[in-house]
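S.K.: Below is one structure. I have some questions about it.
Protein chains: 2
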Amino acid sequence: MNLKKLAQELNLSFSTVSKALRDSHEISSSTKSRVIAKANELNYQVNPLASSFRKQKTKTIALIIPEVVNDFFGPVINGIESIAQEKGYHVLIYMTHEDMEKEIAIFKLLQSGRVDGIMLSLSEQTCDIKHLQELKERGIPLILFDRITDQLEVAKITTDNCDGGIKATEHLIERGCKRIAFLAISKRVSVSTGRMKGYLEALKKHSMNQPDDMIVCCDGDDRKNKELIKKLLTRKDRPDGIFASVETLAISTYEVCEELKLNIPRDLKVIAFSNSYLAALLNPSLTAIRQPAFEMGREAAAILVNLVEKKESRFRNDKTVIKSQLIVRNSTR
Amino acid sequence: MNLKKLAQELNLSFSTVSKALRDSHEISSSTKSRVIAKANELNYQVNPLASSFRKQKTKTIALIIPEVVNDFFGPVINGIESIAQEKGYHVLIYMTHEDMEKEIAIFKLLQSGRVDGIMLSLSEQTCDIKHLQELKERGIPLILFDRITDQLEVAKITTDNCDGGIKATEHLIERGCKRIAFLAISKRVSVSTGRMKGYLEALKKHSMNQPDDMIVCCDGDDRKNKELIKKLLTRKDRPDGIFASVETLAISTYEVCEELKLNIPRDLKVIAFSNSYLAALLNPSLTAIRQPAFEMGREAAAILVNLVEKKESRFRNDKTVIKSQLIVRNSTR
């Protein structure tokens, strides 16, 4: 099945069908619907369609992230922009606000060929990846970074979340912690589960208890998360160490400790995945696992541009892992 | 002069000229150059050209900012995105890295009709606004926000930098400071000069000395800025209060104080324009003038969309000022 045959089936010109599939403004929406319905019906192959898309390069790539006001995604955007500027690409930015429906809506907008490729960090709520599959089938290159899923065969860029989780937990153990709690952001988000896996492995390796109630899932708003942390820190057997999967949960922990008059690091040691340049100036300064956010952005954009320009196979299915770094500060002294 | 006459002059079809002016891929670059040269030569009028651009709406707006990893531009992006999502617009993001040449290059890329409108916060180095004038003459709506220039007649969105500067300086005076220094980021950047104006007005109002060497222009890199602050704080008549025009300069001041074993707020009180949610957790917590960053982003995008959709006159030339807020914390205790 090629574009020519599809046009014959539809009794339309080659050019009309091609334009309809590119969502051209010259074609009426009723014609577009007809063309797309027929293309689906005839299981019109990915490659020819993709190639028809690719003929008209937009030199634009899309970045879809859960949030932007964040110690991590800021430097990621810088990394992406550095490649875009080098290679002459434009960057569209979208936010899902952790909402799967918004993620799906954004993908619908991008299916019609507005961009040459997409970089995505999954929303917290995303449990179904049909919209990613559909985009892939249309031949539009897609890269997952940071928050990924192994269910989709595309190139992925992450940091070593599990190793970072082991490093963080072992650091707390070395500093004498006996009851270490883990603050997760969600059971669905890969970065959180990866870090939790590392936490559990480290506890096991050091033959330490792993009570289930030492893992607190903080997937609510700020106020709700603080209540959960407060509950944890007012328990009789309260933890003497906290490993926060993301920086905001460490900040909430600091705030709760102030309220409860708990001293960090004397009463509680705290470590978190954090990239903020302010972590060193907090009271006390925050021991952190620092992710290579800028490098992850650069790598994601570089791989995507190569896929778009067909310098690499678009069926690439691998994981690029960039190492995080432990930075010891006063919160675990 | 209209498009038809321009086409006649060039001996080209109406459609070719129109497409060339829209930078269509169907037209060769040599033809495009010829068309643009002739259009300039004949002083081809703004409105018809603008309307030819406007016929084909891209539903895309561009955001051009100096940096993204920043307490201010993060929430600005969120504000812009909230309007874009409401109104069905796409947002392209560009960074100038404080470089006028990059700003000009980005404007060149956007002249050909890739976007319906542009929001710009000027780079530190921008001293010539010819590229802004040119864009405006092409009829593409432009909004300036945060870092603006009064030389260009377009809609502008800022916070009340001068009033904020007065508030910050008077707060230091109330807290007993006798020698107050001001850390500027550049003599060219409107937000910095506006805040400085407020600083000078407050000193005058309270009949305080205004020695020139109490204004330090920190327009270098981090290391260089810290040296300047160190020099200021090791002087015999060192200041007992510092008003930092932006958050990063407050952070540098904290770092220098640690090095010099100066205690904040005992030896030196510090206030800054700052939007970071971490300011409250710094050691000591930072007294701040908090800008309405999210609201400024929303307002900029809302006005731009109205201009694009011709709900407002595109010759709008006014300033929307959104108030900042003083948040007293321990650094001025």
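So the sequences go chain by chain: A and B. When we follow the numbering used here, the leftmost residue of the first sequence carries the number 695, and every step to the right adds one. When we follow the numbering used here, the leftmost residue of the second sequence carries the number 695, and every step to the right adds one. Just so you know, even glycine gets a beta-carbon here, dropped at the ideal spot from N, CA and C.
Specify the secondary structure class of MET908 of chain A as computed by DSSP and reduced to three states.
M.R.: Here MET908 of chain A sits in helix by DSSP.
S.K.: Hey, GLN819 of chain B and MET794 of chain B: beta-carbon distance below 7 Å or not?
M.R.: Cβ atoms of GLN819 of chain B and MET794 of chain B: closer than 7 Å.
S.K.: Which residue from A:ASN903, A:THR852, A:ASP765 and A:GLN702 puts its Cα closest to that of PHE876 of chain A?
M.R.: Looking at the Cα atoms, A:ASN903 is the closest of the given residues.
S.K.: From this set, B:HIS784, B:GLN779 and B:ILE798, which residue's C-alpha is nearest HIS791 of chain A's C-alpha?
M.R.: Closest by alpha carbon: B:GLN779.
S.K.: According to DSSP, is THR820 of chain A helix, strand or coil?
M.R.: Coil at THR820 of chain A, not helix or strand.
S.K.: Could you tell me whether any Cβ in chain B is nearer than 7 Å to the Cβ of LEU980 of chain A?
M.R.: Judged by the 7 Å Cβ criterion, LEU980 of chain A is not in contact with chain B.
S.K.: Buried or exposed for HIS719 of chain A, going by 16 or more other Cβ atoms inside 10 Å?
M.R.: Classification of HIS719 of chain A: exposed, given that the 10 Å Cβ count is below 16.
S.K.: Put MET902 of chain A into one of helix, strand or coil per three-state DSSP.
M.R.: In the structure shown, MET902 of chain A sits in coil (DSSP, three-state: anything other than H, G, I, E or B).
S.K.: Give the single residue among A:LYS1004, A:ILE842, A:GLU949 and A:ILE798 whose Cα lies nearest to the Cα of SER815 of chain A.
M.R.: Nearest C-alpha to SER815 of chain A: A:ILE842.
S.K.: Apply the 10 Å Cβ neighbour rule to ASP854 of chain A and answer buried if 16 or more other Cβ atoms are within range, or exposed otherwise.
M.R.: Answer is buried; the Cβ neighbour count reaches 16.
S.K.: Does the beta carbon of ILE965 of chain A fall short of 6 Å from some heavy atom of the ligand SAM?
M.R.: Annotation note on the ligand SAM: not contained in the displayed structure, which lists no ligands.
S.K.: Closest to VAL1002 of chain A by C-alpha separation, out of A:LYS830, A:CYS856 and A:LYS698, would be which residue?
M.R.: Checking every option, the nearest Cα to that of VAL1002 of chain A belongs to A:LYS830.
S.K.: By DSSP, does THR710 of chain B sit in helix, in strand, or in coil?
M.R.: Correct three-state label for THR710 of chain B: helix.
S.K.: Could you tell me whether the Cβ atoms of LEU954 of chain A and ILE983 of chain A are closer together than 7 Å?
M.R.: Going by C-beta atoms, LEU954 of chain A is not nearer than 7 Å to ILE983 of chain A.
S.K.: Report yes or no: is there a C-beta of chain A within less than 7 Å of the C-beta of GLY914 of chain B?
M.R.: Output row for GLY914 of chain B: interface = no.
S.K.: Taking only beta carbons into account, state which residues of the region 786 to 808 of chain B come closer than 8 Å to chain A, listed in chain order.
M.R.: Cβ contacts with chain A come from LEU786, ILE787, TYR788, MET789, LYS796, LEU803 and ARG808.
S.K.: Can you grab the Cα-Cα spacing for the pair ALA756 of chain B / ARG882 of chain B, in whole Å?
M.R.: Looking at the two C-alpha atoms, the distance is approximately 23 Å.
S.K.: Is any beta-carbon of chain A found at less than 7 Å from that of ILE771 of chain B?
M.R.: ILE771 of chain B counts as touching chain A.
S.K.: Going straight from the alpha carbon of GLU828 of chain B to that of ARG869 of chain B, what length do you get?
M.R.: When rounded, the distance between both Cα atoms is 49 Å.
S.K.: Out of curiosity, what's the CA-to-CA distance linking TYR738 of chain B and SER709 of chain A?
M.R.: Cα to Cα, TYR738 of chain B sits roughly 33 Å from SER709 of chain A.
S.K.: Using a C-beta cutoff of 7 Å, does LEU976 of chain B count as contacting chain A?
M.R.: For LEU976 of chain B, the answer is yes, since a Cβ of chain A falls inside 7 Å of its Cβ.
S.K.: State the start and end residues of the unbroken beta strand (DSSP E) segment that holds VAL1015 of chain A.
M.R.: Start and end: 1013 to 1016.
S.K.: Tell me where the beta strand (DSSP E) around ILE874 of chain A begins and ends.
M.R.: Counting along the chain, the beta strand (DSSP E) containing ILE874 of chain A begins and ends at 874 to 878.
S.K.: With a threshold of 6 Å on Cβ separation, who are the neighbours of LEU956 of chain B within its own chain once the five nearest residues in sequence on each side are excluded?
M.R.: Same-chain partners within the cutoff: LEU962.
S.K.: In the region 944 to 977 of chain A, which residue ranges form an unbroken alpha helix (DSSP H) of at least 4 residues, counting only runs that do not cross its ends?
M.R.: Listed in chain order, there is nothing to give.
S.K.: May I ask you to list, following chain order, the residues of the region 940 to 968 of chain B that have a beta carbon less than 7 Å from some beta carbon of chain A?
M.R.: Listed by position, the residues of the region 940 to 968 of chain B near chain A (Cβ gap below 7 Å) are ILE945 and TYR948.
S.K.: Leaving out the 5 sequence neighbours to the left and right, which residues in its chain are closer than 7 Å to ARG944 of chain B when beta-carbon positions are compared?
M.R.: Reading off the sequence shown, one finds Ala at residue 944 of chain B, where the question assumed Arg. Result list for ALA944 of chain B: ALA938, VAL964, ALA966, SER968 and LEU980, in chain order.
S.K.: What would DSSP say about GLY858 of chain B, mapped onto helix, strand or coil?
M.R.: Three-state result, GLY858 of chain B: helix.
S.K.: Taking the DSSP output, what are the residues bridged to VAL1028 of chain A?
M.R.: One cannot answer for residue 1028 of chain A here, as it falls past the ends of chain A, which runs 695 to 1027.
S.K.: Which first and last residues belong to the beta strand (DSSP E) in which ILE842 of chain A is found?
M.R.: Careful: ILE842 of chain A lies outside any beta strand (DSSP E) and carries neither H nor E.
S.K.: What residue does the beta strand (DSSP E) around LEU651 of chain B start on, and which one ends it?
M.R.: Residue 651 of chain B is absent from the structure shown; chain B starts at 695 and stops at 1027.
S.K.: Using the beta-carbon count (16 or more within 10 Å), is ALA849 of chain B buried or exposed?
M.R.: Counting Cβ neighbours within 10 Å, ALA849 of chain B comes out buried, since at least 16 surround it.
S.K.: Given that SER970 of chain A touches chain B, what residues does it touch there, using C-beta distances under 7 Å?
M.R.: The contacting residues are LEU972.
S.K.: Quick one: is HIS784 of chain A near chain B, going by C-beta distance under 7 Å?
M.R.: So, interface residue.
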